[in-house]
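> For reference, the structure I am asking about is given below.
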Amino acid sequence: MSTEIVVPPGARFFFALWLPVDAAKKLHTVAGGVVGRCGGRLMREDALHITLAFLGEVPERRLVELQKVAAEFKLQKAPVRLDRLGFWNHNHILWAGTKEPDPALSALAAELQDLLVKAGFLTDAKPFLPHVTLLRKLLHPGALPELPAVEWSAAEFVLAKSWPSDRGSAYETVARWPLN
Ligand code: 3AM
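In our numbering, the protein residues as written are 4 to 183.
Below is the structure:
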């Protein structure tokens with residue numbers, strides 16, 4: 004079954020792991036501490052995710068096909084562990100990532116991207132850097148705090164959309180499927 008997807012102007016689509024509520028709460032609280040000291044724009048707690056495959060704009064007429072294709076994917080569950088904060092100077096993003104990327108998580112992203120290439124929704128697979136964007140527009144992060152490990156087992160993947168809104172990018176999950 005496919006959901007009817009509303010496509011706001013400028014909407015871009017991506018597949019992701021959405022953070023469980025308690026993991027999102029912990030990371031949002033840590034990020035809130037950094038904003039208090041250093042500024043930046045906090046991502047909403049309910050928008051926190053790990054991008055697995057970025058599609059960009061998808062023509063509205065192909066969204067039903069995209070959901071049908073995704074529903075057929077046989078993808079494996081993967082453990083997720085976020086245990087470090089990092090900062091990218093080039094785009095001023097503070098993120099939560101991992102000291103040692105788990106091979107199962109990398110395999111999940113690689114397989115999903117391969118399937119999307121085969122289905123004609125991606126032109127090529129991109130290197131996967133598992134991270135959760137926590138803060139945008141952070142200019143000077145200062146010394147980053149230690150991140151107590153946040154862990155869970157990812158049991159579903161989602162199709163999500165982001166679009167420009169008055170308050171920066173808005174994010175919404177539009178469909179979800181279980182991992183095996
Ligand atoms: O997981 P995050 O939020 O860091 O950076 C964008 C965001 O990643 C990424 O897709 C996620 C949902 O917007 N993204 C945006 N434009 C992109 C592009 N042209 C991109 N990833 C790859 N290529």
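Where is the CB? At the ideal position from N, CA and C, for every residue including glycine.
Relative to the alpha-carbon of Ala-88, which residue among Lys-164, Lys-29, Asp-25, Phe-124 has its alpha-carbon at the smallest distance?
Going by the sequence as given, residue 88 is Leu instead of Ala. Checked all of Lys-164, Lys-29, Asp-25, Phe-124; the closest Cα to Leu-88 is Lys-29.
> Within 6 Å: the Cβ of Ser-156 and any heavy atom of the ligand MN?
As presented, the structure is devoid of the ligand MN, carrying the ligand 3AM as its sole ligands.
> Let me know if Gly-123 comes out buried or exposed under the rule of 16 or more other beta-carbons within 10 Å of its beta-carbon.
Gly-123 is exposed by the Cβ-count criterion.
> Along the chain, which unbroken stretches of the beta strand (DSSP E) at least 3 residues long are found entirely within the stretch 12-78?
With a minimum length of 3 residues, the continuous beta strand (DSSP E) runs that stay inside the stretch 12-78 are 15-21, 52-59.
> Rank Leu-20, Thr-136, Arg-40, Ala-27 by C-alpha distance to the C-alpha of Ala-146 and give the top, closest one.
Minimum Cα distance to Ala-146 is reached at Arg-40.
> Taking 6 Å as the line, does the beta carbon of Phe-57 fall inside it for any heavy atom of the ligand 3AM?
Yes; taking the cut-off as 6 Å, the Cβ of Phe-57 has a heavy atom of the ligand 3AM nearer than that.
> For Phe-160, verify whether its CB is less than 6 Å away from any heavy atom of the ligand 3AM.
No, since every heavy atom of the ligand 3AM falls outside the 6 Å radius drawn around the Cβ of Phe-160.
> By Cβ distance, which residues of its chain are closer than 7 Å to Leu-118, with the 5 residues on each side in sequence left out?
If we look at Leu-118 and ignore the five residues flanking it on each side, its Cβ neighbours are Phe-76.
> Is it the case that the Cβ atoms of Ala-142 and Leu-78 are separated by a distance below 7 Å?
It is worth fixing the name first, because residue 142 is Leu in this sequence and not Ala. For Leu-142 and Leu-78, no; Cβs fall outside 7 Å.
> Determine, using beta carbons only, whether Val-61 comes closer than 7 Å to chain E.
No chain E appears in the structure shown, which is made up of a single protein chain.
> In the DSSP assignment, find the alpha helix (DSSP H) that holds Glu-114 and state where it starts and stops.
Per DSSP, Glu-114 belongs to the alpha helix (DSSP H) from 106-121.
> Determine the DSSP secondary structure at Phe-160, reduced to helix, strand or coil.
In this structure, Phe-160 counts as strand in the three-state DSSP scheme.
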